[in-house]
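Comments concern the structure below.
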Amino acid sequence: MSAHETKSSMDDDPTNSDSTEENPDDFPDGGWQAWSVVLGSWCGMVPSFGLLNSVGVLQAWLADNQLKDYSDSSIGWIFGVFNFFLYVTGIQIGPIFDAHGLKYILIPGCIGLVFALMMFSLCEEYYQVVLGFSLLGGATASMIITPSIACVTHWFFRRRGLALGLATTAGGFGGIIFPIIITNLLDSVGFPWAIRIVGFVSAVFCLACVLLLRTRLPPKKAGARVDLKALREIPFTTLSVAIILIDFALLVPLTYIPSYAIAHGMNSSLAYQLASILNGASILGRALPGYFADRYGRLNVMAATTLFCAIFTLGLWLPIQSNIPGIVAYTVLFGFWSGSAISLTPVCVAQVSRTEDYGKRYGTTYSLVSIGALVAVPIAGAILRAQNGNYQGVILFVGLAYLLAFVLFVLARGMCTGWRLKRAF
Numbered sequence: 001m002s003a004h005e006t007k008s009s010m011d012d013d014p015t016n017s018d019s020t021e022e023n024p025d026d027f028p029d030g031g032w033q034a035w036s037v038v039l040g041s042w043c044g045m046v047p048s049f050g051l052l053n054s055v056g057v058l059q060a061w062l063a064d065n066q067l068k069d070y071s072d073s074s075i076g077w078i079f080g081v082f083n084f085f086l087y088v089t090g091i092q093i094g095p096i097f098d099a100h101g102l103k104y105i106l107i108p109g110c111i112g113l114v115f116a117l118m119m120f121s122l123c124e125e126y127y128q129v130v131l132g133f134s135l136l137g138g139a140t141a142s143m144i145i146t147p148s149i150a151c152v153t154h155w156f157f158r159r160r161g162l163a164l165g166l167a168t169t170a171g172g173f174g175g176i177i178f179p180i181i182i183t184n185l186l187d188s189v190g191f192p193w194a195i196r197i198v199g200f201v202s203a204v205f206c207l208a209c210v211l212l213l214r215t216r217l218p219p220k221k222a223g224a225r226v227d228l229k230a231l232r233e234i235p236f237t238t239l240s241v242a243i244i245l246i247d248f249a250l251l252v253p254l255t256y257i258p259s260y261a262i263a264h265g266m267n268s269s270l271a272y273q274l275a276s277i278l279n280g281a282s283i284l285g286r287a288l289p290g291y292f293a294d295r296y297g298r299l300n301v302m303a304a305t306t307l308f309c310a311i312f313t314l315g316l317w318l319p320i321q322s323n324i325p326g327i328v329a330y331t332v333l334f335g336f337w338s339g340s341a342i343s344l345t346p347v348c349v350a351q352v353s354r355t356e357d358y359g360k361r362y363g364t365t366y367s368l369v370s371i372g373a374l375v376a377v378p379i380a381g382a383i384l385r386a387q388n389g390n391y392q393g394v395i396l397f398v399g400l401a402y403l404l405a406f407v408l409f410v411l412a413r414g415m416c417t418g419w420r421l422k423r424a425f
């Protein structure tokens, strides 16, 4: 059953007539304990989301080195499988978190992610990369991300967008430092040791996460299942499909911008840094929309940022070709406007969920997202191969996905709270 922040918004949506309204005054919305949880969440998402945001550098390196004999589509499956397990594991992690709390998820996840990086550093064959990085790395990253986000929703209500926006800047930070570590150490210590050093850095952040992250609400054992009934609610399902599309679209530029830049004449050292540039811009793109979302409405801001992603993808990336300043400009603009795909989508799910049900609803949505995440990069690779290395089809693919997601966010918002533009939701 969904619950909205105001009584009026609940009354406008007949699907929510029997929902239980939550009292915002029950949430601390600040204080040392609450903000320390945000810090713990941030520390957990540096290695987990940071690894996701570093796939562009990894894809470019693997394509030119260990896996140079494999097609773009085949290499794309490595990151598709990683993304799939990153999201689909949430279908189990969410209910376990709701029923049993943190300790059975977070500590094994932290240990497993560091171990996965160490195994990745030893990989030489395609199947080894899939097992060590894609499967183990994706699943254990999810075991960190899901409780890291869910814990913040225990402590914040009115300022939830800001709190999660600040926490998810961690992914941008990780996406800056990990590519820099890898590219700067390649010549001196080689790729295996560069990945191991990323693992050691990740271990430090994981330890801080374990020490700081805590829940506020007691476990709800009766809720330890996936909330498939939520899919009967048309607003929730529409919102979930919109989230599928923006994650689907986001992963393609994250993965292919460095390779695109190299193919269009940029030297490889600068092209590898584009991942850090994109993630640096996304830090502001995660924090600022969270602030405005609390003020003007979460779905309102999500729809706006999605539209800007479509505009810049179709209006700037599509025509720039080999214009190096244009490539950098698109990287910065896309990095900023796409940041809300990480920071605001969990808040949008929380917008139509009771706090005690959030874990399983988050898991339900992101188990669906995992399907798009699995196929997005391989599909882009197949399009690239079909067009003999021409990126125009890939760019159109991304831009149109963002446009459709924008339409669905608008529809979900309208079904939940009506069609008045000035209403914050």
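Anchor point for the sequence shown: position 394 equals 394 in UniProt numbering, and the numbering is continuous, going up by one each time.
Glycine included, C-beta positions come from ideal geometry on N, C-alpha and C.
Here SER353 carries a coil assignment [DSSP, helix/strand/coil]. Under the criterion of beta carbons closer than 8 Å, ILE262 and ALA271 qualify as touching, at roughly 5 Å. By the criterion of a C-beta distance shorter than 6 Å, SER121 is surrounded in its chain by PRO192, ILE195 and ARG196, once the five residues flanking it on both sides are discounted. For the 7 Å CB-CB criterion, SER202 and GLY265 do not form a contact. Cβ-Cβ distances below 6 Å link TRP155 to PRO28, ALA34, VAL37 and ARG216 in the same chain, with the five nearest sequence neighbours on each side left out; the list follows chain order. Between ALA167 and TRP42, the CB-CB gap stays under 7 Å. When the beta-carbon positions are compared, GLY138 and PHE85 come within less than 7 Å of each other. Secondary structure at LEU131: helix, using DSSP grouped into helix, strand and coil. Going by beta carbons, TYR87 and SER370 fall inside the 7 Å limit.
Note that the C-beta distance between ASN267 and GLY172 is not below 7 Å. Taken through DSSP and simplified to helix, strand or coil, TYR87 comes out as helix. Judged by their CB atoms, LEU164 and VAL347 are nearer to each other than the 7 Å cut-off.
Cβ contact annotation for TYR70 (same chain, cutoff 7 Å, sequence separation greater than five): TYR126, in chain order. In this structure, the alpha-carbon of GLU233 lies about 13 Å from that of ARG413. About 4 Å separates the CB atoms of PRO179 and ALA275; that is less than 8 Å, so the two are in contact. Assignment of TRP77 by DSSP, reduced to helix, strand and coil, places it in the helix class. Straight across, the Cα-Cα distance linking GLY56 with THR331 is about 12 Å.
Burial state of GLY132 is buried, judged by a 10 Å Cβ sphere holding 16 or more other Cβ atoms.
PHE312 carries a helical assignment under DSSP once its states are collapsed to helix, strand and coil. Around the beta carbon of LYS68, fewer than 16 other beta carbons lie within 10 angstroms, which makes this residue exposed. The shortest C-alpha to C-alpha distance from GLY101 to any of LEU404, LEU213, LEU135 and GLY399 is the one to LEU213. Apart from the 5 residues on each side of it in sequence, ILE324 sits with its Cβ closer than 6 Å to the Cβ of MET266 in its chain, given in chain order.
Linking ALA373 to ILE181 through their CA atoms gives a straight-line distance of about 26 Å. Secondary structure within the region 37-71: not one fully enclosed beta strand (DSSP E) run of 3 or more consecutive residues is present. The beta carbon of LEU250 sits closer than 6 Å to those of SER338 and ALA341, all from its chain and outside the five residues before and after it, given in chain order.
DSSP, read as helix, strand or coil, puts THR305 in helix. The beta carbons of ILE379 and VAL394 sit no closer together than 7 Å. In this model, ARG298 and LEU58 are separated by some 33 Å (Cα to Cα). Here the alpha carbon of LEU117 sits roughly 44 Å from the alpha carbon of MET415.
Contact check for VAL130 against VAL81 passes: the beta carbons are separated by less than 7 Å. TRP61 is the residue among ALA170, TRP61 and THR238 whose C-alpha sits nearest the C-alpha of ASP187. Going by C-alpha positions, CYS209 is about 18 Å away from LEU52. Inclusion of GLY175 and SER54 in the CB contact set at 7 Å is warranted, their separation being smaller than that value. Secondary structure at CYS123: coil, using DSSP grouped into helix, strand and coil. Given a length threshold of 4 residues, each whole run of the alpha helix (DSSP H) inside the region 187-262 is given here in chain order: 191-212.
In this structure, THR345 lies away from ILE244, with their beta-carbon atoms at least 7 Å apart.
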